[in-house]
Amino acid sequence: MPKQKSLATQEIIDIDRIEDDVIVLKGGSFRKILLVSGINFDLKSEEEKNLIIFSYQEFLNSLSFSIQEIIHSRKINIEGYLSHLKNLHQKEPTSLLKNLITDYKDFVKEFVERNPIMSKTFFIVVPYDPINIPKIGKRVTRGLFGLFKKKKGVVEEKTEDGQFLENKRQLDLRVDQVTAGLNRVGLRAVPLSEDEAIELFYNFYNPALVEKKGVIKRDKNEE
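Each residue of the sequence shown is one higher than the one before, counting from 2 in the numbering used here.
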């Protein structure tokens, strides 16, 4: 029995390219990913909770297009922090403090091994699906314009770059609408850059590897 050929990652993922902070799918659709802050809902009063729920409902009802909400949960990697404690231990001249650092380092490592600490990052995907108008052939054009005895019609076609910019502009209008709506709820949304989007997908498809920290740092720094 012939072996089944394994598919390349590019064949599985529906992304054609990421250009100018825009994710372009293989079918020609456009996407942008927003990194969204969170709200500690449990600490809110009953009145505040109802206000948040009502505001979010109003936000969803104001949209004429669908959005996708993503919660990215990942076990926090503390190897960098443990390495930092090790460096402090090596530089500390006092034996008493060196022992305290060692005990603390062992405690943190054992605690995290028994109680994995998870980080949650929230994203919203904003879509835009361009409308592709079929090209009008010369025969059809000649026939239509021939009815009025005009000169031959000329079909103006936008260049590829011009079409991309127009689609991106339409997508950005939706991004601005979503961002403004989330702000009214008390949430702050920041579009991911091209590098941050690539890093996010890297973490999605490589969960077993040591993940990079750029997206999480962006969230904290922005706030």
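In this text, a Cβ means the ideal position worked out from N, Cα and C, and glycines have one as well. As the structure is a prediction and not an experimental result, all values here were calculated from the model.
Residue pairing by DSSP puts residue 20 in a beta bridge opposite 23. The beta carbons of residue 34 and residue 195 sit no closer together than 8 Å. Straight across, the Cα-Cα distance linking residue 179 with residue 66 is about 10 Å.
Taking every protein chain shown into account, the CB of residue 105 has fewer than 16 other CB atoms within 10 angstroms, so this residue is exposed. Excluding five sequence positions before and after residue 119, the CB atoms of its chain that fall closer than 8 Å to its own CB belong to 74, 75, 76 and 77, given in chain order. Contact check between the region 23-39 and the region 181-192: three or more CB pairs, one atom from each, fall below 8 Å, which counts as touching. The region 40-51 makes no contact with the region 83-93; the number of CB pairs closer than 8 Å stays below 3. Between the region 20-29 and the region 165-176, the count of Cβ pairs shorter than 8 Å is three or higher; the stretches touch. About 28 Å separates the beta carbons of residue 172 and residue 55, which is beyond the 8 Å limit, so they are not a contact pair. For residue 126, the closest alpha carbon among the candidates 53, 198 and 207 is that of 198. Going by beta carbons, residue 129 and residue 185 fall outside the 8 Å limit. Going by beta carbons, residue 50 and residue 83 fall outside the 8 Å limit. Bounds of the beta strand (DSSP E) holding residue 34 are 31-37. Under DSSP, residue 69 forms a beta bridge with 126. Just so you know, the alpha carbons of residue 183 and residue 85 end up roughly 37 Å apart.
One alpha carbon belongs to residue 114, the other to residue 57, and they sit about 37 Å apart.
Look at residue 185 here: in three-state DSSP terms it is helix. In this structure, the straight-line span from the alpha carbon of residue 101 to that of residue 205 is close to 38 Å. Assignment of residue 169 by DSSP, reduced to helix, strand and coil, places it in the helix class.
For residue 45, the three-state secondary structure derived from DSSP is coil.
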